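In the numbering used here, the protein residues as written are 231 to 508.
Take a look at the structure:
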């Protein structure tokens, strides 16, 4: 039954994909919950102030522009009003720029700026091992189907910089035997996609389903599509990123780990010097 269900979905998607000029734009609202246990000992008033300052980081909107073979996912940045708080700079994108996907070439490029340097993180798009379900729900006017995935989480853990130890934390052990390899982190993902929109793409770096992903749940973050415009009157421009240092995901994570380790050491009262350079 499951294989028949999958075949029907793929067949329907392929028929819709035959439209040569198919394109569209989807807007997503993203919300992330934060573990407040790290602020134990703070008053309720202080916690509310922290949450208010973190709002720009925890609540964002994005736009996914797509056609049959390409897509571009970007955060919608709002500029501060004159005289407004500059706190927006911290929550603006957490290093995120845009994510370009090319289904035909099986290439994904994340255009990202971190520590004042621009990178193009290039990855080969392998088919994700989605588990398809017959469970459905409505998102707007679209019937969506549920799919789940468990993947290795290769993202950089920026939260470790400001861990609970804070300043004056325990010094790093000199015993190499005590230094263990970091544990492999996994991420449980739930996606809701609609075969009514024949695009095998979605928000962030996700793709590979027989229809556009309209809702995505990854860890503590939920992305929900709030608006879709199909075949707009003006052609969409989907640009492949070209400016920046080309690296693969492993190389990028190693570079960022070096810089975040330096930042963590300075934050905890260690080396206050200039640190290494790229």
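Glycine residues also receive a C-beta, built at the ideal position from the N, C-alpha and C atoms. Small disclaimer: the values here were computed from a predicted structure and weren't measured.
In three-state terms, what does DSSP make of residue i?
i: residue 345; result: coil
i: residue 482; result: helix
i: residue 304; result: strand
i: residue 322; result: Model confidence at residue 322 stands at a pLDDT of 43, short of 50, so the residue's coordinates are unreliable; what they give is reported in the following sentence. Three-state DSSP puts residue 322 in coil, outside helix and strand.
i: residue 253; result: strand
i: residue 460; result: strand
i: residue 293; result: strand
i: residue 368; result: strand
i: residue 274; result: helix
i: residue 528; result: Coverage of the chain is limited to positions 231 through 508, which leaves residue 528 absent and any answer about it impossible.
i: residue 399; result: Because residue 399 sits at a pLDDT of 42, beneath the cut-off of 50, its placement in the model cannot be relied upon, and the following sentence gives the value as read from the coordinates. Coil.
i: residue 492; result: helix
i: residue 261; result: strand
i: residue 288; result: helix
Under 6 Å Cβ to Cβ from residue i, same chain only, skipping five residues before and after it: list those, please.
i: residue 466; result: 253 and 295
i: residue 487; result: none
i: residue 363; result: 376
i: residue 454; result: 259 and 445
i: residue 338; result: 331, 353 and 355
i: residue 420; result: 378 and 447
i: residue 256; result: 294, 455 and 458
i: residue 460; result: 254
i: residue 381; result: 417
Between the beta-carbon of residue i and the beta-carbon of residue j, is there less than 8 Å?
i: residue 259; j: residue 291; result: yes
i: residue 378; j: residue 361; result: yes
i: residue 336; j: residue 354; result: yes
i: residue 482; j: residue 351; result: yes
i: residue 462; j: residue 441; result: no
i: residue 384; j: residue 479; result: yes
i: residue 341; j: residue 471; result: yes
i: residue 494; j: residue 263; result: no
i: residue 422; j: residue 485; result: no
Would you grab the beta carbon distance between residue i and residue j for me? Rounded to a whole angstrom, and I think it's under 8 Å.
i: residue 444; j: residue 430; result: Not really, about 13 Å apart at Cβ, beyond 8 Å.
i: residue 469; j: residue 302; result: 7 Å
i: residue 328; j: residue 359; result: Rounded, the Cβ-Cβ distance is 26 Å, inconsistent with contact.
Tell me which same chain residues have a C-beta within less than 7 Å of the C-beta of residue i, skipping the five on either side of it?
i: residue 473; result: 348
i: residue 332; result: 299 and 300
i: residue 489; result: 345
i: residue 402; result: Residue confidence for residue 402 is low, a pLDDT of 49 falling below 50, so the modelled location carries little weight; the figure read from the coordinates is stated next. Result list for residue 402: empty, nothing under 7 Å.
i: residue 238; result: Because the pLDDT at residue 238 is just 49, under 50, the model does not fix this residue reliably, and the value given afterwards should be weighed accordingly. The answer is none, since no qualifying residue turns up.
Between residue i and chain B, is any beta-carbon pair separated by less than 8 Å?
i: residue 383; result: This model lacks chain B altogether, as it is built from one protein chain only.
From the DSSP output, which residues share a beta bridge with residue i?
i: residue 445; result: 422 and 454
i: residue 439; result: According to DSSP, residue 439 bridges with nothing at all.
Consider the C-beta atom of residue i and the heavy atoms of the ligand GDP; say whether any pair is separated by less than 7 Å.
i: residue 363; result: Ligands displayed in this structure: none; no statement on the ligand GDP is therefore possible.
Cutting at 8 Å between CB atoms, please list the residues of its own chain near residue i, excluding the five before and the five after it.
i: residue 366; result: 373, 374, 375 and 376
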